Amino acid sequence: MMLRAREQRRENDRNKKEKEVVMQPSIWGRLPDELLERIIALLPLRTILALRPTCRRFSCLLSSPAFLSLLHAHNSLAFLLLSHPQFSHRCLPLYDPAADGWRSVPLPPSSTSGSASPSSLLLLSAASGLLLFALGRSSLLVANLLTNASKVLPLPTYSAAPSSASLVSLPSRSNSTHGYKIFLPCASDDDVFVYDSASLAWTRFPGFEPVLGRRNPHQGGAFFDGSLYFTTPEPFSTVGFDLRNGAWDVGVAPPMPEDLAFVRLVGGCSGSGEDHLYLVGGIGRDGISRSLKLWELVGRKEEKRGRAWEEIGRLPEMMCRKFMSVCYHNYSHVNCLWHEGLVCICCTTWPEVLFFKVSRGTWHWLPRCPMLQEKWSCGFRWFSFVPDLFALV
1 MMLRAREQRR ENDRNKKEKE VVMQPSIWGR LPDELLERII ALLPLRTILA LRPTCRRFSC
61 LLSSPAFLSL LHAHNSLAFL LLSHPQFSHR CLPLYDPAAD GWRSVPLPPS STSGSASPSS
121 LLLLSAASGL LLFALGRSSL LVANLLTNAS KVLPLPTYSA APSSASLVSL PSRSNSTHGY
181 KIFLPCASDD DVFVYDSASL AWTRFPGFEP VLGRRNPHQG GAFFDGSLYF TTPEPFSTVG
241 FDLRNGAWDV GVAPPMPEDL AFVRLVGGCS GSGEDHLYLV GGIGRDGISR SLKLWELVGR
301 KEEKRGRAWE EIGRLPEMMC RKFMSVCYHN YSHVNCLWHE GLVCICCTTW PEVLFFKVSR
361 GTWHWLPRCP MLQEKWSCGF RWFSFVPDLF ALV
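Note that full-length UniProt numbering has the sequence shown beginning at 1, numbered continuously upward.
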């Protein structure tokens with residue numbers, strides 16, 4: 001029996017070798033450059049990066065505008081990035097939805113250099129492949145992990161280390177490189193600073209006390225229609241900050257739904273490139289939420305009277321009980337973000353993510369990251385990370 005099994009395995013090996021397709025160098029070596037680049041653009045990004053040291057031609061691909069256009073069309077991977085004070089400041093874990101698994105991503109050398117102690121490194125915001133870190137109380141770091149490029153930006157003021165900031169990517173309509181802006185609240189007063197990567201300069205603008213005051217926990221702004229949208233404390237309302245001229249607009253959105261215990265805004269972009277603004281709100285009284293709903297802002301900006309919050313989802317009762325028990329009705333711990341068609345609702349005291357799939361109208365939980373230790377109980381912060389070769393620092 002054993003001899004027969006060995007003979008069968010040998011026969012199978014011979015059949016496999018006969019079926020192997022041999023790529024003749026004399027044929028494939030004459031493949032036109034345009035066609036070869038189209039084939040390479042279909043490979044995973046990590047494979048393309050591994051090809052660069054093999055020959056001069058491959059090493060120059062990522063600087064070719066034609067190849068970058070192909071790569072931009074085929075590669076749209078997106079990851080959820082997790083930040084926690086106890087993680088090593090040389091890498092961060094990210095969740096890959098395509099593989100349904102976790103991996104570590106190394107941080108750029110500038111973030112781990114001696115310019116700042118590891119404990120002072122804080123991830124503040126992310127947008128279109130760029131990450132924004134606070135390096136102590138003196139500077140910020142903007143990094144593109146895909147290109148391994150980074151830039152240190154001195155802060156306009158040094159009173160305290162920033163705890164919140166909004167990074168906004170400004171992609172062009174073509175497949176060319178694009179820049180960014182940073183919205184930074186001033187720690188010493190109610191003014192704000194805006195950094196523009198095009199002018200390489202900070203500009204100071206008057207603030208808006210209901211948004212930046214102590215009664216309102218600093219939440220990152222939701223980018224929508226060229227402005228950052230914020231919410232005020234009760235009675236809840238929406239305020240917009242125009243990044244182009246620094247003007248505040250208190251009538252930018254219609255009145256919010258009734259009986260809200262807490263609110264969060266989420267700005268997102270659909271696959272067609274259209275901007276959307278969502279409202280996450282807990283429904284209840286006396287500061288206690290009994291249910292959680294999701295609305296979308298509908299109507300054109302020019303027609304303010306025709307705009308309204310349209311309900312698109314309600315969290316099922318059992319999932320709602322779990323979420324409310326997780327945050328202990330302390331809604332200052334709740335953060336929300338947009339991630340490739342998902343509205344993610346997170347809590348800094350809980351390692352799981354609740355998300356709503358807009359296209360299907362369904363709710364789901366993302367389980368705990370296996371890299372977390374059991375004793376870690378707070379400080380969880382989530383970011384959407386979409387690798388982008390066109391995002392310049």
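All C-beta atoms, glycine included, are put in the ideal place defined by N, C-alpha and C.
Since this is a predicted model, take the numbers as computed values, not measurements.
For residue i, the residue or residues it bridges with in DSSP
| i | result |
| --- | --- |
| aspartate 96 | Gly101 |
| arginine 360 | According to DSSP, which records beta bridges pairwise, arginine 360 is partnered with nothing at all. |
| tyrosine 229 | Ala222 and Gly240 |
| threonine 203 | Val194 |
| alanine 127 | Leu130 |
| glycine 379 | In DSSP, glycine 379 forms no bridge with anything. |
| glutamate 296 | Tyr278 and Glu310 |
Exposure of residue i, with buried meaning 16 or more beta-carbon neighbours within 10 Å
| i | result |
| --- | --- |
| valine 250 | exposed |
| asparagine 330 | exposed |
| histidine 339 | buried |
| asparagine 335 | buried |
| lysine 357 | exposed |
| glycine 313 | buried |
| serine 26 | exposed |
| proline 162 | buried |
| cysteine 344 | buried |
| histidine 178 | buried |
| leucine 231 | Per the sequence shown, the amino acid found at residue 231 is threonine instead of leucine. Its Cβ being crowded by 16 or more others within 10 Å, threonine 231 is buried. |
| leucine 167 | buried |
| cysteine 55 | exposed |
| threonine 47 | exposed |
| serine 272 | exposed |
| proline 53 | exposed |
| glycine 114 | With a pLDDT of only 49 at glycine 114, under the threshold of 50, the placement of this residue in the model should not be trusted, and no figure is reported. |
| serine 270 | exposed |
| leucine 200 | exposed |
Between the CA atoms of residue j and residue i - distance to the nearest angstrom
| i | j | result |
| --- | --- | --- |
| glutamate 296 | tyrosine 278 | 4 angstroms |
| alanine 391 | proline 65 | 14 angstroms |
| proline 108 | arginine 360 | 37 angstroms |
| leucine 265 | arginine 57 | 46 angstroms |
| leucine 45 | glycine 287 | 47 angstroms |
| alanine 143 | valine 393 | 6 angstroms |
| serine 138 | glutamine 219 | 21 angstroms |
| serine 59 | glycine 221 | 39 angstroms |
| proline 106 | tyrosine 229 | 32 angstroms |
| methionine 1 | glutamine 24 | Summary for methionine 1: the model assigns pLDDT 49, below 50, so the residue's position carries little reliability; its value from the coordinates is reported in the next sentence. About 40 angstroms. |
| alanine 165 | proline 154 | 14 angstroms |
| arginine 204 | valine 194 | 7 angstroms |
| serine 104 | proline 93 | 4 angstroms |
| alanine 308 | methionine 256 | 9 angstroms |
| arginine 290 | serine 332 | 17 angstroms |
| cysteine 346 | leucine 315 | 14 angstroms |
| leucine 292 | leucine 121 | 34 angstroms |
| phenylalanine 241 | methionine 324 | 31 angstroms |
| threonine 362 | glycine 226 | 29 angstroms |
| valine 326 | leucine 366 | 14 angstroms |
| leucine 135 | leucine 141 | 7 angstroms |
| leucine 342 | valine 280 | 13 angstroms |
| leucine 43 | leucine 31 | 17 angstroms |
| glycine 246 | valine 239 | 13 angstroms |
| methionine 318 | valine 353 | 15 angstroms |
| threonine 348 | tyrosine 328 | 12 angstroms |
| aspartate 33 | leucine 49 | 18 angstroms |
| leucine 131 | leucine 123 | 7 angstroms |
| phenylalanine 183 | serine 169 | 11 angstroms |
Close beta carbons around residue i, own chain, < 7 angstroms, minus the five adjacent residues each side
| i | result |
| --- | --- |
| proline 351 | Arg368, Cys369, Leu372 and Phe380 |
| leucine 70 | Glu37, Arg38 and Ala41 |
| arginine 321 | none |
| leucine 389 | Leu62, Leu68, Leu71, Leu146 and Thr147 |
| arginine 285 | Asp259 |
| leucine 91 | With the sequence shown as reference, residue 91 is identified as cysteine, and leucine is not the correct amino acid for it. Here the set comprises Ser104, Val105, Pro106 and Leu107. |
Same chain, Cβ closer than 6 angstroms to residue i, five either side skipped, listed in chain order
| i | result |
| --- | --- |
| phenylalanine 383 | Leu81 and Ala126 |
| glycine 207 | Asp190, Asp191 and Val192 |
| phenylalanine 224 | Gly267, Asp275 and Leu277 |
| phenylalanine 262 | Gly282 and Tyr331 |
| proline 254 | Arg307 and Ala308 |
| serine 210 | What sits at residue 210 in the sequence shown is proline, not serine. The answer, listed in chain order, is Thr232. |
Beta carbon proximity, residue i to chain D, threshold 8 angstroms
| i | result |
| --- | --- |
| leucine 279 | The structure shown contains no chain D; it is built from a single protein chain. |
Proximal residues to residue i (C-beta, below 8 angstroms), its chain only, five neighbours per side dropped
| i | result |
| --- | --- |
| valine 386 | Ser76, Leu77, Ala78, Phe79, Ser128, Gly129 and Glu340 |
| tyrosine 158 | Arg137 and Ser138 |
| histidine 84 | Leu372, Trp376, Gly379, Phe380 and Arg381 |
| aspartate 100 | none |
| tryptophan 102 | Pro93, Leu94, Tyr95, Asp96, Cys369, Pro370 and Met371 |
| alanine 198 | Gly179 |
| alanine 149 | Pro108, Ala143, Leu392 and Val393 |
Residue i beta carbon near the ligand GTP (any heavy atom closer than 7 angstroms)
| i | result |
| --- | --- |
| valine 142 | By its list of ligands, the structure shown contains no ligand whatsoever, and the ligand GTP lies outside what it can speak to. |
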